[in-house]
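Trainee: Once you've had a glance at the structure underneath, I'll fire off some questions.
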Amino acid sequence: VFHVNTAQVSCTFTDLKKTMNPKTGETIEEDPDYIKQGQAAIVEITPQQPLVIEENDDIPQLSRFAVRDMGQTVGAGMALSVDEQ
Numbered sequence: 063v064f065h066v067n068t069a070q071v072s073c074t075f076t077d078l079k080k081t082m083n084p085k086t087g088e089t090i091e092e093d094p095d096y097i098k099q100g101q102a103a104i105v106e107i108t109p110q111q112p113l114v115i116e117e118n119d120d121i122p123q124l125s126r127f128a129v130r131d132m133g134q135t136v137g138a139g140m141a142l143s144v145d146e147q
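In our numbering, the protein residues as written are 63 to 147.
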C-alpha cells in the first residue's frame, strides 16, 4: 500500500531503474533485478486509483511517501517526477 499525505492507495512497482548508494547517491547498478535492504533506488510506481502527489522540485513536503506491506514499512521516498493522466 502506497501512503502519501492522507491517501492510502494500492500500487504496482512498474520498473526498477537503478540502485544507488544511499550515502553518496552514486549509481551501483542500472536496471537491477532486485533491491537489497538498506539500498536506495529509483523506481517507477503505478497507483491503482487516482492519486495526488507533487514532484520534489515543486513542493517537497507533498512529494514524500511510504510503502507498507502487511503492516511493515518496506520503503519510503519522494517523487522525483510525476506522469499526469
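We put the CB at the ideal spot given by N, CA and C, even for glycine.
#1: Note down the Cα distance separating K80 from N118, rounded to an integer number of angstroms.
#2: Where does L52 sit, in a helix, a strand or coil, going by DSSP?
#3: Among the residues of its own chain, which have a CB less than 8 angstroms from the CB of V63, if the five just before and after it don't count?
#4: Under a Cβ-count criterion, where at least 16 other Cβ atoms within 10 Å of its own Cβ denotes burial, should V115 be classed as buried or exposed?
#5: Would you list the one or two residues that DSSP bridges to V66?
#6: Have a look at P84 and Q147 and give me their C-alpha separation to the nearest angstrom.
#7: Using C-beta distances below 8 angstroms, list every residue in its chain close to S138, excluding the 5 sequence neighbours before and after it, in chain order.
Mentor: With the structure as the only source:
#1: Numbered from 1 along the sequence shown, position 18 holds the residue referred to as residue 80. Numbered from 1 along the sequence shown, position 56 holds the residue referred to as residue 118. Spanning the two alpha carbons is a distance of roughly 19 angstroms.
#2: Because the chain here runs from 63 to 147, residue 52 falls outside it and cannot be looked at.
#3: Along the sequence shown, read from residue 1 onward, the residue named residue 63 stands at position 1. Around V63: Q70, V71, S72, C73, V129, R130, D131.
#4: Your numbering for residue 115 matches position 53 in the sequence shown. The residue you asked about is not Val; residue 115 is Ile in the sequence shown. Per the 10 Å Cβ criterion, buried.
#5: Locating residue 66 in the sequence shown gives position 4, where the first residue counts as 1. Per DSSP, A69, F127.
#6: As a first step, residue 84 must be located in the sequence shown, where it is residue number 22. As a first step, residue 147 must be located in the sequence shown, where it is residue number 85. Answer to the nearest angstrom: the Cα atoms are 31 angstroms apart.
#7: Along the sequence shown, one-based indexing puts residue 138 at 76. For the record, residue 138 in the displayed sequence is Ala; it is not Ser. Here the set comprises R126, F127, A128, V129.
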